[in-house]
Amino acid sequence: MQVTIKSINGVVLIELEGSLDGKTAPEVQKQVLPSAEGQNKVILDMTRVHYISSAGLRVLLLLYRQLKAKGGKIVLVGMMEEIRDVMSNTGLLNFFLIADSPKGGIEALG
Amino acid sequence: MPEQMLDQRIDYYPTHEYQGFQFRPGRPIPFGATLVPNGVNFSIFSSAATSCTLVLFEKRASKPVVEIPFPEEFRIGNVYCMIVFDLDVENIEYGYRMGGPWDPIAGHRFDKTKILCDPYAKAIGGRDVWLQPPDWNNLYQYRARLAFEDFDWEEDRHPEIPIEDLVIYEMHVRSFTRHPSSGVKYPGTFAAIREKIPYLKELGVNGLELMPIFEFDEWENNRQHPETGELLVNYWGYSTLGFFAPKGGYAATGKYGMQVDELKTLIKDLHKNGIEVILDVVFNHTAEGDHRGHTISFRGVDNKTYYMLTPDGYYFNFSGCGNTLNCNHPVVRNVVLDCLRYWASEYHLDGFRFDLASILGRDPMGYPLSNPPLLETLAHDPILARCKLIAEAWDAGGLYQVGSFPAYGRWAEWNGKYRDTIRKFLKSEPGQVGELSYRIQGSPDLYEHRGPTASINFVTCHDGFTLYDLFSYNDKHNEANGENNNDGANDNNSWNGGWEGETDDPGINSLRRRQIKNALTILLISQGVPMIFAGDEAGRTQNGNNNAYCHDTEMNWFDWSLLERNADLFRYAKRFIHFRHAHPALRNRYHFQHRDYVGSGYPDISFHGTQAWNCDWSFDSRVFAFLLCGKHAKQGSVEDDFIYGGINMHWDALHFQPPYLPEGMKWHIFSNTGMPAPEDVHEIGREPILAEQNNILVGPRSIIVLVGR
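Protein chains in written order, with this note's numbering: chain A, 264 to 373; chain B, 137 to 845.
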């Protein structure tokens with residue numbers, strides 16, 4: 264799993280690529296959580312994530328919880344339909360703002 | 137806990153190693169596989185095993201990655217426990233091999249060639265996608281998995297709806313949305329029920345009772361129908377593989393192993409919408425069958441503990457399904473308790489309906505106990521304290537306890553006598569008026585001290601005819617089950633109205649619709665807790681099959697286009713359910729006293745006939761009417777309208793005289809099944825005034841309900 268972290272005008276843009284599962288989740292968590300620490304606007308670009316497992320979903324929820332505790336916001340961007348459905352069916356989708364592209368993500372963050 | 141503190145605990149490090157796997161002695165409690173820092177704690181009990189081996193697989197693999205024998209010093213009492221470190225918890229499946237005697241007469245059936253599923257498995261793999269053909273060569277078919285238990289419930293809470301305010305809707309998870317007409321994205325799943333919550337709200341039900349959702353094998357005893365070639369399967373699922381695991385094949389995300397989260401998400405959203413969830417739980421037997429059955433789990437782990445055995449080591453069969461779980465054995469009792477506590481706390485379940493619950497009151501030799509410890513324990517359990525406990529108060533061994541089930545002030549019952557009386561009265565059988573008067577009062581003859589809330593009232597349920605078929609068939613038609621029509625009940629108290637099955641006769645069809653509305657009316661104006669079988673509100677048919685346990689076909693699937701074709705039935709059901717919610721007089725917690733204790737001038741309930749204050753109790757009477765005084769609603773604690781029900785099951789139309797109301801009040805017509813839609817049922821609060829206040833013509837086999845205000 265590739266993780267790229269950028270900062271654009273005070274927004275943290277995290278791009279994930281590959282499979283977010285039990286094997287990769289701990290590493291992703293290690294990289295992503297600190298990068299969002301103290302931030303209040305985060306975009307998570309999932310365009311190139313082709314699979315997400317329970318452990319992967321939990322990393323997203325942790326990220327959400329960490330941000331929310333400090334009044335921050337997170338937008339998920341570019342999810343494949345299958346992943347979006349999995350997130351919907353397991354109740355996770357409700358926690359997040361959703362956008363089609365990073366640009367839309369910035370708008371959603373307001 | 138800060139990370140460094142975790143790292144400082146010495147018991148979070150391994151002490152042993154075997155083929156590259158690191159482990160240490162575990163903790164005996166809790167049983168099952170539990171996530172602990174850095175690893176997984178495995179714990180399993182067996183009263184007579186002489187050795188135990190933990191078998192670990194990668195998900196879906198046919199061969200194990202390792203088999204770790206428990207060192208003898210890892211056994212505490214009769215519990216084997218160990219913590220294994222650094223496992224990819226999402227990607228492993230585990231089982232056990234148990235050593236011990238093969239001595240069936242003594243009750244032992246240990247077999248080290250079998251890999252056994254953990255009786256406490258929180259998730260089970262192997263049947264992840266409904267009816268996907270399994271690999272029968274795989275040695276380990278039903279594969280214990282680990283489950284995360286950190287679901288984010290947010291502010292969810294149990295609705296804790298008083299049981300008398302419930303309208304229960306009994307549903308088969310797959311049947312509800314599998315039909316192509318359902319229009320959902322993932323038909324037949326938990327996710328699909330969630331998509332249909334707006335429908336449940338519109339209908340007005342506030343208690344969803346799910347037929348078994350513990351993991352089962354739909355392929356169990358599968359066979360082809362000798363004539364039609366249809367694949368017959370274990371569709372209903374009254375055959376448990378594991379008591380702690382939700383059915384993977386009922387989850388859209390089952391193929392990813394996320395059924396736990398999907399079910400919790402459904403329950404969370406139902407709660408958000410004011411709907412409680414009750415599970416139909418099957419603790420009377422397991423999927424292992426009798427001595428000819430497979431060894432899946434319990435038999436190989438501890439046969440003698442888990443099953444009721446005859447003196448020569450065969451299986452008692454009080455369930456009709458081959459074996460009987462040994463529920464009042466102290467260990468098994470705790471398994472049942474652990475299980476229910478787990479579902480109540482981890483899944484936020486609101487209640488349980490116990491299949492063949494009378495078995496839970498039998499001792500290990502099968503004798504009925506006067507004070508069954510399991511039932512008493514459940515009734516007094518602190519965690520289950522506010523859960524609804526509902527018994528199917530009979531079993532297949534001849535124990536029939538409707539009215540006498542050991543209740544401890546807690547247990548409600550499926551009231552089979554309610555079903556039978558209502559059916560008989562609706563088909564105009566004589567000699568039913570006295571009995572009917574009890575049934576609509578919440579059966580005080582059966583539940584004198586327990587109150588009407590002990591009575592779960594129903595006319596139909598999954599077991600038997602649908603409501604439409606009840607009035608379309610005199611006899612069962614179970615040929616499609618491939619058992620020469622020998623299965624299923626024969627005493628259905630059904631009546632086809634003059635023709636067996638489908639007909640073009642408009643008179644018969646109109647009578648059938650009327651009868652469906654009549655049944656719904658009586659059900660929803662009776663004291664007690666009404667239960668509706670899903671689909672009956674839209675006239676669902678099973679073509680006369682009264683035991684559709686094996687069909688994954690349109691016979692069981694709810695055809696949503698019925699809502700249009702039978703729009704009048706749906707409208708009627710919906711309005712009546714809302715009528716019940718609107719009128720506390722219909723939902724009393726305590727029995728009527730048959731007197732006026734609030735000074736309204738009327739007793740809380742009174743009985744009438746075609747003439748006011750003159751009920752015809754004679755054998756040949758098919759007429760019954762009753763009046764609920766609105767000032768006595770909920771013991772006079774709330775104000776309600778007066779409610780009058782006039783039931784005419786005579787074949788002629790009859791004039792009924794509703795009693796005079798207090799000065800200034802008038803009778804309004806809420807419903808009249810003798811009228812075609814839309815005159816059959818009116819909007820609550822906009823009921824038309826009855827033209828002649830003490831005279832109404834009630835059509836043949838019709839019911840009127842009036843409100844006085």
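Idealized CB from N, CA, C, for every residue including glycine.
Between which residues of its own chain and residue i is the CB-CB distance below 6 Å, once the five residues before and five after are set aside?
i	result
residue 81 (chain B)	Absent from the structure is residue 81 (chain B), since the part of chain B shown begins at 137 and ends at 845.
residue 624 (chain B)	612, 614, 682, 683
residue 362 (chain A)	338, 340, 368, 371
residue 317 (chain B)	695, 696, 697
residue 582 (chain B)	539
residue 550 (chain B)	528, 592
residue 634 (chain B)	644
residue 203 (chain B)	189, 191
residue 187 (chain B)	235
residue 847 (chain B)	No statement about residue 847 (chain B) is possible, as the shown extent of chain B runs from 137 to 845 and does not include it.
residue 438 (chain B)	182, 183
residue 298 (chain B)	none
By the 10 Å Cβ neighbour count, where 16 or more other Cβ atoms means buried, how is residue i classified, buried or exposed?
i	result
residue 395 (chain B)	buried
residue 655 (chain B)	buried
residue 289 (chain A)	exposed
residue 290 (chain B)	exposed
residue 802 (chain B)	exposed
residue 372 (chain B)	buried
residue 265 (chain B)	exposed
residue 589 (chain B)	buried
residue 267 (chain A)	exposed
residue 822 (chain B)	exposed
residue 843 (chain B)	buried
residue 469 (chain B)	buried
residue 447 (chain B)	exposed
residue 382 (chain B)	buried
residue 547 (chain B)	buried
residue 814 (chain B)	exposed
residue 708 (chain B)	buried
residue 507 (chain B)	exposed
residue 497 (chain B)	buried
residue 149 (chain B)	exposed
Give me the chain B residues within the contact set of residue i, using Cβ-Cβ distance strictly less than 8 Å, ordered along the chain.
i	result
residue 334 (chain A)	Those do not exist, as residue 334 (chain A) stays about 17 Å from chain B at its closest Cβ, beyond 8 Å.
residue 282 (chain A)	Simply none; closest approach about 12 Å.
residue 285 (chain A)	224, 225, 226, 227
So, at 7 Å on beta carbons, what are the nonlocal neighbours of residue i in its own chain, with the 5 sequence-adjacent residues on each side left out?
i	result
residue 329 (chain A)	296, 299
residue 406 (chain B)	333, 344, 413
residue 208 (chain B)	none
residue 846 (chain B)	As displayed, chain B neither begins before 137 nor continues past 845, which places residue 846 (chain B) out of reach and without an answer.
residue 137 (chain B)	For residue 137 (chain B), the predicted structure reports a pLDDT of 43, less than 50, and the residue's modelled location is therefore unreliable. The matter cannot be settled from this model.
Go through its chain and collect everything with a Cβ distance to residue i's Cβ below 8 Å, but skip five positions before and after it.
i	result
residue 678 (chain B)	601, 602, 605, 684, 691, 692
residue 426 (chain B)	450, 451, 453, 458, 459
residue 502 (chain B)	444, 452, 454, 460, 533
residue 852 (chain B)	What is shown of chain B runs 137 to 845, which leaves residue 852 (chain B) out entirely.
residue 162 (chain B)	177, 178, 179, 210, 217, 218, 219
residue 301 (chain B)	342, 717, 723
Taking residue i as the query, report the chain B residues whose CB atoms sit under 7 Å from its CB, ordered along the chain.
i	result
residue 353 (chain A)	389, 394, 397, 398, 401
residue 318 (chain A)	226
Name the DSSP beta bridge partners of residue i, please?
i	result
residue 536 (chain B)	B:530
residue 315 (chain A)	A:283
residue 158 (chain B)	B:153
residue 416 (chain B)	B:489
residue 808 (chain B)	B:840
Mind listing the chain A neighbours of residue i? Cutoff is C-beta to C-beta under 8 Å, in chain order.
i	result
residue 321 (chain B)	348
Could you list which residues in chain B have their beta carbon closer than 9 Å to that of residue i, in chain order?
i	result
residue 324 (chain A)	286, 288
residue 321 (chain A)	284, 286
Mind pulling the chain A residues with CB within less than 7 Å of residue i?
i	result
residue 404 (chain B)	354
residue 327 (chain B)	352
Alpha helix (DSSP H) segments (min. 4 residues) lying fully within the stretch 639-664 of chain B: 642-661
Uninterrupted alpha helix (DSSP H) stretches inside the stretch 433-517 of chain B (no shorter than 4 residues): 434-442, 466-482, 509-516
Q. Which runs of the beta strand (DSSP E) spanning at least 3 residues fall entirely within the stretch 730-765 of chain B, listed in chain order?
A. 741-744, 759-764
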